[in-house]
Every structure is written in structure tokens, then in C-alpha cells.
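Let me begin by presenting the structure, written as C-alpha cells, before commenting on it.
Residue numbers (the working numbering), protein chains in the order written: chain A, 55 to 183; chain B, 30 to 189.
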């Protein structure tokens, strides 16, 4: 791969920005980037820039109908791993919680880790690896 | 059923599984950031992301999975119910559902123009354009109620 990576932004709502930064850096090897905690921070991994938005950021403002953005849900980015069993063991030892156990399908194996705000990260090991 | 027919059927099943694995493995491009959205209807989602937001369909397994890409992101579409790994309930019985607030951010050089175009096409927005520190943003809903953020950077600190 010689072409430069195109940065992709994914935004997660978080309850505590600094806690989220520490979690992604400490557990998944992200690099800390911009930090405007407690409102906002970004962390990067490869081409992914993960935007961590707190309640006081512009992304945390309520909708016109009063709905307030919040952490959680099921939509997520994939964290590609070579050995999902070893990765789960490593993360469990660090105190990371998972929503499920490893699910194996024809495309690969996956499991859902939760960040401290209850957002989900999908660990995925593609089939054939 | 004859033994030959059974053997042929077994080969078909094995072939289909192998082909699915190959297709899924082929969609894993290390240079792409992969994001998975849970949806109510895979085909409706594919139509929405291709016709409204300019995504390209990389592959689709009928009603059970699709992969679309745009720029550096590959969007994986999984139904809330289905045979795929991402469609399975949690051990506590909880099922994945669409929605929430976490999202991909899609850059546009002309946010207002894009909003006008999409509103005319019937796309629903959760809010109006919000002016933030790094740029202007708005949230649109896909047919399942998943959110996509359209973002137009305005500051130098927020380059693509």
C-alpha cells in the first residue's frame, strides 16, 4: 500500500471525554490527537479519526425536538485483529467488558467490546487469517 | 434422492459457504475504515446510500449483508435479524437495533447545497445546520433511523 490513507471521521458520543481518550489509547493503541476535554477530543488509528464528543461540544447540543445525543447504540467501527481469542484475553485482563462472546460466521469472527460510555467497538478477525 | 444428487447438493452448500467467506474476506481492505450499521432492511439501505449519498455497492448477500464504500470508509450493513454474526442476539437476549447517535462523518464542500438537494429527495434530518468550532454539521437519518453526519469544515484545524 503506497497510496496515502484517506482519513475517515467517525463520531462517538461519550459521557466523559478524558476517560474515553484514556480507554482508546490505553486499550486499543490509538494515538491521542486534539484534546479539548471535557467537550471534545480526537484519537487516531491508521486512517480512522475517532471524534469523542461530550455533552458540552457542538455535537452534544439537543435536537430542535428536544432529543439529546447520548452514548450507546449498536453502530460501530471495526477494530481488525489477527487473533481474536488472544485479543479478547488481553483486553479482559485489562478490565474491558464485552457485550457478547465471540461469534464466528463465514466472513470471520467478531465480538463487541464496550467503552466506558457504553459505546461498542467490534473486534473482527476476517476469515482466512 | 440419489447419492449423486446428495453429493452435488453438499458441494453446492460447501461452495456457497466458501464463496461467502471469500467475498467477505475480499471486502476487508486494510486501507479502508470499516463501520457497521444495523438496519431494518438491507436493500432499502443500499438504495439510500447509493442514490442519496454517493456510496458504491461493493457486495451484497441478499437481505443479510451489504458492504458499500465512499472515499476511505466502507459501510457494512447488517440487518437486526438474520443469519449473520452481527445480527445475532446477545447472550442476555438483547437484540441489536438501528439508531443511536454514533456515526460516520461525510464531508461536503457545500453543506447547504447538499441539504437542499437531500431535502428535495425526501431525506429526513434530525436537526438544522449547527455552526461549530471546526465547521458546520447536520444530522440526517437513513431509512432505519441511523444517523449520518454531513460536515463542512470551516477552520484550518479541521482538514480532511
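Just so it is clear, CB atoms sit at the ideal spot from N, CA and C, and this is done for glycine as well.
Taking every protein chain shown into account, the CB of residue 121 of chain B has fewer than 16 other CB atoms within 10 angstroms, so this residue is exposed.
Rounded to the nearest whole angstrom, the CA to CA distance from residue 163 of chain B to residue 182 of chain B is 6 Å. For residue 116 of chain B, there is no enclosing alpha helix (DSSP H), as DSSP marks it with neither H nor E. Within chain B, no residue has its beta carbon less than 8 Å from that of residue 170 of chain A; the closest one is some 14 Å off.
With fewer than 16 other CB atoms across the displayed protein chains lying within 10 angstroms of its CB, residue 90 of chain A is exposed. Rounded to the nearest angstrom, the gap between the Cα atoms of residue 73 of chain B and residue 172 of chain B is 7 Å.
Nearest Cα to residue 114 of chain B within the set A:140, A:86, A:127 and A:180: A:180. When rounded, the separation of the alpha-carbon atoms in residue 96 of chain B and residue 87 of chain B is 5 Å. Between the segment 139-148 of chain A and the segment 95-111 of chain A there are fewer than three C-beta pairs closer than 8 Å, too few to call the two in contact. The beta carbons of residue 68 of chain B and residue 127 of chain B sit about 6 Å from each other, so the pair counts as a contact at 8 Å.
When C-beta atoms of the segment 169-176 of chain A are compared with those of the segment 109-128 of chain A, three or more pairs fall below 8 Å, so the two segments count as touching. DSSP places residue 149 of chain B within a helical segment (H, G or I) once states are collapsed to three. For residue 94 of chain A, the enclosing beta strand (DSSP E) stretches over residues 94-99.
Going by C-alpha positions, residue 106 of chain B is about 12 Å away from residue 77 of chain B.
Under the three-state reduction of DSSP, residue 162 of chain A is assigned to strand. Residue 139 of chain A and residue 134 of chain B have their C-alpha atoms roughly 31 Å apart.
Counting every other CB atom within 10 Å of its CB across the protein chains shown gives residue 92 of chain B a total below 16, marking it as exposed. At a cut-off of 8 Å between beta carbons, residue 147 of chain B makes no contact with chain A.
Put simply, the backbone Cα of residue 155 of chain A is about 13 Å away from that of residue 175 of chain A.
As DSSP reads the structure, residue 89 of chain A sits in a beta bridge with A:95. Collapsing the DSSP output to three states places residue 105 of chain A in a strand. The three-state reading of DSSP puts residue 173 of chain B in coil, since its state is none of H, G, I, E or B. Residue burial is scored here from C-beta neighbours: residue 103 of chain B has at least 16 other C-beta atoms within 10 angstroms and is therefore classed as buried. Against chain B, the beta carbon of residue 101 of chain A has neighbours under 7 Å at 60, 62 and 101, listed in chain order. The beta carbons of residue 101 of chain B and residue 61 of chain A sit closer together than 8 Å. Distance check between residue 162 of chain A and each of A:152, A:177 and A:148 places A:177 closest, using alpha-carbon atoms only.
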